[in-house]
Amino acid sequence: MMDVRDIFRSSFARALAALLFVVLIGALFNAEGAFFRWDTHRDMLRHISVFGILACGMTLVIITAGIDLSVGSLVGFSAVLFSILSLQKAWSPWLAIPACLAAGFLCGLTSGSLVARFRIQPFIATLAMMVFARGLAKWVSGGKKISMAVLQPDGTYKYTEAPPVFDVVNAKILGENIAVVTLIFLACVFLCWVILSKMRWGRYLYAVGGNEEASRLSGVPVAATKLFAYGTSGLFAAVAGICQAAQELQGDPEAGAAYELTAIAIVVIGGTSLMGGRGSIGLTFVGAMTIGTLEKILSINAVGEASRLMLTGAIIVGAVLFQMARKR
Amino acid sequence: MAKEDRLLLEMSGISKSFSGVRVLDDVSFDLRPSEIHVLAGENGAGKTTLIKILSGAHTEYQGKIFLEGKRIRLRSPQDATSLGISAIHQDLAVVDSMRVLDNLFLGREKTRHRVWMDFRSQKARARKILEPLGISLDLEAPLCDYPISVRQMVEVAKALASKARILIMDEPTSALNETEADRLFSLILRLKQQGCAIVYISHRLEEIFRIADRITVLRDGRLVGTVRAEDLSPEELIRWMVGREIRQQFPERRAHPGEERLRLEEFFIPDPSGKKSYVVEDVSLRLRAGEILGLAGLRGSGKSELLNGLFGTYGKNVQGRAFLDNKPFRVLSPRHSIEQGLALQTNDRKGTGLVPGLSVAWNIILPSLGNYSPHGWVQEKKTDSAARKKIEEFDIKVSSPDQEVGTLSGGNQQKVVLAKWLQTQPKVLLLDEPTLGVDVGAKHEIYHLMNNLTAKGLAILLVTSELPELLAMSDRLLVLHRGRVQAELSREEATQENVIRSAMGEGSIEREK
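From first to last, the protein sequence lines stand for chains R and V. Take the first sequence: its position 38, counted from the start at 1, is 38 in the working numbering, and no numbers get skipped. Take the second sequence: its position 76, counted from the start at 1, is 76 in the working numbering, and no numbers get skipped.
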């Protein structure tokens, strides 16, 4: 006979248990039935998508026993860059999107090379990139929000039309049920799943996180693996930045502040170990649902911001403890 | 004899299961004061589980434990320590960056008013503990300034500082050379004179018979027996441990060396830690197909460094010429060396040999993953069947290929290491302590494996600190002393005396200093 406890030993089941825990809270505090309506959860999916995209890249980095604090700033930088290119310079999205992705990828590679080649601790290297990229966002934008109101040489403002790409990213399909950003998030999850479970690089990520020296002596290209992880994280941050700009119809140089913390929370609450070598993208997806549902519950119950932050902190601890209790 | 019959500790009817698998079955064990009691058995026999119960690390078990006739139940390692039971594990529980003094009192600091550190009385107590043991250390120096043997002694002293009456030592000599081991044994004997009871786990026969008063043998989680050491012969002990007859400790070795595989000319390896200039100096050697060339030498003689330097562990910063199959070979990186047909089994399974959190199958495939992933896509069916084949070939005991490698016993882990390197189909295999921390049965399998591999034309460069093993398995020996070749000995010339004499540097003209 199968022991019930064996089911809980699988980390995926534990992640689901944490989600269930949050859903139960929602059922209890359902804000007069609001929690049971589909559009509540549809909004949640749309809201959590940008964070989820960041968490995908974060998962790859955390599996290598690293951390990427720069993703929030990169969201701001790429949101600004995308807005400038699309709104002010009127670039075609076929050029603007790849340019933004390349910029994010390069920033990620830079943090990656600081970690891999110069052996700076991931926390420090990406902290530096976090500060640097925020500065970059402000420098490129001149410290102002890049909106559809474009300043002309004669000092007047001209309002441009938002290019169609903004509407496409911001749209909802299937009878307004699924947002395009959610689809982008799901695509990122799928891409990470392919990388982690089907490709050589995925195995290298786990191996480097599990035992770097043993991996190096087994011929694993450790430096390239880390570059890959941080580069991909930067790339996903750029994707998130583009989505953010499309949702807000502007490029805010302050956008994405502290997003990295939510992304890390999603990965951790999913059950991927910060020690590296363990975890999966499926866990991160469940983690995103957990955090998203949690935030939604607090917002439908009209909990004020101060209490919301405190409650979120407490519930994250509760959910993680809940997972650990099952592990023993 | 009444005094001797008084039991300090008695464990009776101890049973323990892990997720339905019984690892200890009705085992009894006892300790008298002033006794060294060796606990013997193959890997997986249940020794570690038993001492983990005794030291409070496993708290769920069946059976009874009595300390001086009083029934006790241990709920944590702290419980055990406060009752005077201390365990010294293979992985030392010391903080290298802290001072010797801080380590001695770690967790039980002496304080005034529970707040203020009382260094003066700590120092006085430290001297009181260390002096009778004949250890002189700078209490203010950070522990990392001392070699591993001293750190181990600090851990013993730490146990004494917490008034330990029962000391549990799990393979304490596995990281020590012979002089260091000798020093540890005299320390253990002194502890015994002071009235301590010592539970000692070891795989080394000579050491067991050197210090044991009594021996308890476990096999497959069951008690085989407890006897006085003088009533058991080494042959009987082996039979008790493996449950079958192993006639010779080493299989017969017949070598038919073929073509030259590896040649080093005037090989120099700079010290990776940068302390001295070279760890290997001016070494030249030839290794032929089907041959096992043994490297002898004391710890620090550069034998392990020679393997690592050649493999590229320290990077491309080596000097001299190397030839593989008569073609020039450049040391660049481990990855390059693997591609060229070298494989290195390192002397540290957990640290550099395996990725403990990954599965057995993934570990076996890791160095050859490139061959199984055209354009980056892993061919799961092929890797799966390759891993299964190796598991079967090496008789690795796993519940499934997906089992985490860190959960296997030492012998099985070592087989995974060997399997992963043979999966790369190397031309030259560099073995650094292939039987370290491995039980008698698995040792035998590894010796047979070495014979089979060389019969198929593989060349092996062997480093091992167990001299009998080195002499039995090597076709030729190079003795290193301070990074240089001190002597080359044929199988006939290679006696224990000859090797030790050269290893200690006799015959060398020391011009330095």
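Heads up, the beta-carbon is just placed ideally off N, CA and C, and yes, glycines get one too. Since the structure is predicted, the reported quantities are computational estimates derived from the model, not experimental observations.
Amino acids of chain R, ordered along the chain, whose beta-carbon sits closer than 8 Å to that of residue i
{"i": "V/Ile338", "result": "Ser218 and Gly219"}
{"i": "V/Pro334", "result": "Arg216, Leu217, Ser218 and Gly219"}
{"i": "V/Val273", "result": "Here residue 273 of chain V is Ser; the residue named in the question, Val, does not match the sequence. Result: empty, since nearest Cβ-Cβ is about 15 Å, beyond 8 Å."}
{"i": "V/Ser97", "result": "Ordered by position in chain R, no residue passes the 8 Å Cβ test against V/Ser97, which lies about 16 Å from the chain."}
N- and C-terminal bounds of the beta strand (DSSP E) containing residue i
{"i": "V/Tyr372", "result": "Where V/Tyr372 is concerned, there is no enclosing beta strand (DSSP E), given that its DSSP letter is neither H nor E."}
{"i": "V/Gly225", "result": "Arg222 to Arg228"}
{"i": "V/Pro270", "result": "Glu260 to Pro270"}
{"i": "V/Gln345", "result": "Leu342 to Gln345"}
{"i": "V/Phe323", "result": "Gln319 to Leu324"}
Bridge partner(s) assigned by DSSP for residue i
{"i": "V/Glu10", "result": "V/Asp30 and V/Phe66"}
{"i": "R/Ala137", "result": "In the DSSP output, where bridge partners are listed per residue, R/Ala137 has none listed."}
{"i": "V/Arg288", "result": "V/Glu260"}
{"i": "V/Lys16", "result": "V/Leu24"}
{"i": "V/Glu488", "result": "V/Leu478"}
{"i": "V/Arg99", "result": "V/Pro142"}
{"i": "V/Ile460", "result": "V/Ile292 and V/Leu429"}
{"i": "R/Lys172", "result": "R/Ala179"}
{"i": "V/Arg254", "result": "DSSP output for V/Arg254 lists no bridge partner at all."}
{"i": "V/Ile72", "result": "V/Ile65"}
Contact set between residue i and chain V, taken where Cβ atoms lie within less than 9 Å
{"i": "R/Ala223", "result": "Those do not exist, as R/Ala223 stays about 10 Å from chain V at its closest Cβ, beyond 9 Å."}
Partners in chain V for residue i, counting only beta-carbon separations shorter than 7 Å
{"i": "R/Lys198", "result": "Trp377 and Val378"}
{"i": "R/Tyr157", "result": "Chain V residues near R/Tyr157: none, gap ~49 Å exceeds 7 Å."}
{"i": "R/Glu213", "result": "Gly351 and Thr352"}
{"i": "R/Arg203", "result": "Trp362, Leu369 and Val378"}
Boundaries of the alpha helix (DSSP H) in which residue i is found, first to last residue
{"i": "R/Ser215", "result": "Glu212 to Leu217"}
{"i": "R/Phe36", "result": "Counting along the chain, R/Phe36 falls outside any alpha helix (DSSP H), and DSSP gives it neither H nor E."}
{"i": "V/Ala442", "result": "Val440 to Ala455"}
{"i": "V/Val355", "result": "Neither: V/Val355 is in no alpha helix (DSSP H) and is coded neither H nor E."}
{"i": "V/Ser86", "result": "Where V/Ser86 is concerned, there is no enclosing alpha helix (DSSP H), although the beta strand (DSSP E) it sits in stretches over Ile85 to Ile88."}
{"i": "R/Ile291", "result": "Ile281 to Ile300"}
{"i": "R/Ile264", "result": "Tyr259 to Gly270"}
{"i": "V/Ile500", "result": "Gln496 to Ala503"}
{"i": "V/Lys303", "result": "Lys303 to Phe311"}
{"i": "V/Glu236", "result": "Pro234 to Val242"}
{"i": "V/Glu469", "result": "Leu467 to Met473"}
As assigned by DSSP and simplified to three states, the class of residue i
{"i": "R/Pro122", "result": "helix"}
{"i": "V/Val331", "result": "coil"}
{"i": "R/Arg203", "result": "helix"}
{"i": "R/Leu69", "result": "coil"}
{"i": "R/Trp94", "result": "helix"}
{"i": "V/Tyr61", "result": "coil"}
{"i": "R/Lys327", "result": "Bear in mind that a pLDDT of 47 at R/Lys327, under 50, signals an unreliable position, so the number given afterwards is only what the model happens to contain. Helix at R/Lys327."}
{"i": "R/Tyr159", "result": "strand"}
{"i": "R/Leu309", "result": "helix"}
{"i": "V/Gln78", "result": "helix"}
{"i": "R/Met2", "result": "Low confidence applies to R/Met2: its pLDDT is 43, below 50, so where it sits in the model is not reliable, and the reading given next is rough at best. The answer is coil: DSSP assigns R/Met2 none of H, G, I, E or B."}
{"i": "R/Val150", "result": "strand"}
{"i": "V/Glu281", "result": "strand"}
{"i": "R/Ala179", "result": "strand"}
{"i": "R/Gly251", "result": "strand"}
{"i": "R/Ala18", "result": "helix"}
{"i": "V/Asp348", "result": "coil"}
{"i": "V/Leu249", "result": "Residue identity check: residue 249 of chain V is Gln in the sequence provided, not Leu. Here V/Gln249 sits in coil by DSSP."}
{"i": "R/Thr59", "result": "helix"}
{"i": "V/Glu339", "result": "helix"}
{"i": "R/Ala319", "result": "helix"}
Residues that residue i contacts on chain V, provided the C-beta gap is smaller than 8 Å
{"i": "R/Ala207", "result": "Val355, Leu358, Trp362 and Leu366"}
{"i": "R/Arg278", "result": "Gly357"}
{"i": "R/Gly331", "result": "Absent from the structure is residue 331 of chain R, since the part of chain R shown begins at 1 and ends at 328."}
{"i": "R/Gly210", "result": "Val355, Pro356, Gly357 and Leu358"}
Under 7 Å from the C-beta of residue i: neighbouring residues of chain R
{"i": "V/Thr346", "result": "Leu217"}
{"i": "V/Thr313", "result": "Leu217"}
Next item on the list: Mind listing, in chain order, the continuous alpha helix (DSSP H) runs of no fewer than 4 residues lying wholly within the stretch 36 to 60 of chain V?
Entry: 47 to 54
Next item on the list: Only counting runs of 3 or more residues, tell me where the beta strand (DSSP E) segments fall wholly within the stretch 162 to 218 of chain V, in order along the chain.
Entry: 166 to 170 and 197 to 201
Notebook entry, point to check: Quick one: complete alpha helix (DSSP H) runs, 4+ long, within the stretch 103 to 164 of chain V?
Noted result: 119 to 133 and 148 to 161
Notebook entry, point to check: What are the uninterrupted segments assigned as alpha helix (DSSP H) that are 4 or more residues long and contained completely in the stretch 366 to 436 of chain V, given in chain order?
Noted result: 380 to 393 and 410 to 422
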